[in-house]
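First to last, the protein sequences are chains A and B.
With my numbering applied, the first sequence corresponds to residues 2 to 117, in that order.
With my numbering applied, the second sequence corresponds to residues 76 to 183, in that order.
In this text, a Cβ means the ideal position worked out from N, Cα and C, and glycines have one as well.
Worksheet: the structure to be examined is printed underneath.
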Amino acid sequence: GAVVSQHPSRVICKSGTSVKIECRSLDFQATTMFWYRQFPKQSLMLMATSNEGSKATYEQGVEKDKFLINHASLTLSTLTVTSAHPEDSSFYICSARPYNRGNEQFFGPGTRLTVL
Amino acid sequence: RKEVEQDPGPFNVPEGATVAFNCTYSNSASQSFFWYRQDCRKEPKLLMSVYSSGNEDGRFTAQLNRASQYISLLIRDSKLSDSATYLCAVQGYQKVTFGTGTKLQVIP
Chain A
2 GAVVSQHPSR VICKSGTSVK IECRSLDFQA TTMFWYRQFP KQSLMLMATS NEGSKATYEQ
62 GVEKDKFLIN HASLTLSTLT VTSAHPEDSS FYICSARPYN RGNEQFFGPG TRLTVL
Chain B
76 RKEVEQDPGP FNVPEGATVA FNCTYSNSAS QSFFWYRQDC RKEPKLLMSV YSSGNEDGRF
136 TAQLNRASQY ISLLIRDSKL SDSATYLCAV QGYQKVTFGT GTKLQVIP
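Next up, the structure:
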């Protein structure tokens, strides 16, 4: 149990386009999902915390108008990178916390975004 | 000072060796502590949670020292398959902060 999926796993897009990444908890309900970004040879950096039915909480330095997060249901959160630029190329990973399993988070497989 | 600090390594050890990683954290109010394993270009996978009393899972032992604000991971009898990056993670009220990871390479 506790499987999290992400789609797409890899995306290549042109500069200026928008990209949507989906994060789904497949066999549990997640009131909270997290979006992370990881640049090569660096750690996971939390971008935002997404709570079902409310606005996401963004970390300092993360532009909320550029990284749109929607958590419309207990099993789905989406991250849209708007007007993507080459510096947005990164590995984006979501995680989901089951509502009834304390602090444990389960990670999706990640989405590798390349902006040309 | 970074919230969570780790020695990036790499630690190159022979098969069968014992290796230990440390991780320090700055927020004394941190509530939960974890070690994750991350293989290249993959998502992190939870290795174990870390408790003050220490916990062991097979060849892996984790310890938490709240007074000194560090956590440790000990791997005994290293296997080639243990080669990966080990991330420590520290959780406050809701947010989890990861260290940059320590790379382990087990050599035949």
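For the stretch 86-105 of chain B, which residues have a CB atom closer than 7 Å to at least one CB atom of chain A, in sequence order?
So the list is empty, because no residue satisfies the distance condition.
Chain B partners of F108(A), CB-CB under 9 Å?
Simply Y111, E118, P119, K120, L121.
Give a yes or no on contact between the stretch 86-93 of chain B and the stretch 101-112 of chain B, applying the rule of three or more CB pairs nearer than 8 Å.
No contact exists between the stretch 86-93 of chain B and the stretch 101-112 of chain B.
Measuring CB to CB, does L75(A) end up less than 8 Å from E53(A)?
Yes; because the gap between Cβ atoms is below 8 Å, this pair is in contact.
Grab me the residues of Q166(B)'s own chain with a C-beta within less than 6 Å of its C-beta, minus the 5 sequence neighbours each way, in chain order.
Same-chain partners within the cutoff: Q106, S107.
Does S147(B) come out as helix, strand or coil in the three-state DSSP assignment?
S147(B): strand per DSSP, three-state reduction.
Rounding to the nearest angstrom, what Cα-Cα distance links D132(B) and S84(A) in this structure?
Answer to the nearest angstrom: the Cα atoms are 46 Å apart.
Among residues of its own chain, excluding the 5 on either side of S90(A), which ones have a beta-carbon nearer than 7 Å to its beta-carbon?
Closer than 7 Å at Cβ, skipping near neighbours: L114, T115, V116.
What does the Cβ neighbour count give for E64(A), buried or exposed, with the cut at 16 atoms within 10 Å?
Classification for E64(A): exposed.
Excluding the 5 residues preceding and the 5 following L121(B) in the sequence, name in chain order all residues of the same chain whose CB lies nearer than 7 Å to its CB.
Excluding residues within five positions, the ones whose Cβ falls inside 7 Å are F109, Y111.
Less than 8 Å between the C-beta atoms of C95(A) and C14(A), yes or no?
No; because the gap between Cβ atoms is not below 8 Å, this pair is not in contact.
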